[in-house]
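**Student:**
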């Protein structure tokens with residue numbers, strides 16, 4: 476029972492980390508695209 480709980484915690488941690496990373500990447504990409512569009516005068 477102990478190992479199962481530990482594995483579940485690890486899975487949850489990985490999922491949270493992945494979601495956080497994708498959110499950060501989304502924000503960074505949005506910023507870059509916005510700056511590029513402004514630079515091109517679109």
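Numbering (my numbering), first residue to last: 476 to 517.
The C-beta atom is built at its ideal place from N, Cα and C for all residues, glycine as well.
1. Would you tell me roughly how many angstroms separate the C-alpha atoms of residue 504 and residue 485, rounded to the nearest one?
2. From residue 515 to residue 479, what does the alpha carbon distance come to, in whole angstroms?
3. Using only the alpha-carbon positions, how far apart do residue 416 and residue 506 sit?
**Tutor:** From the atom records:
1. 28 Å
2. 54 Å
3. Any answer about residue 416 is impossible in this case: the structure gives the chain only from 476 up to 517.
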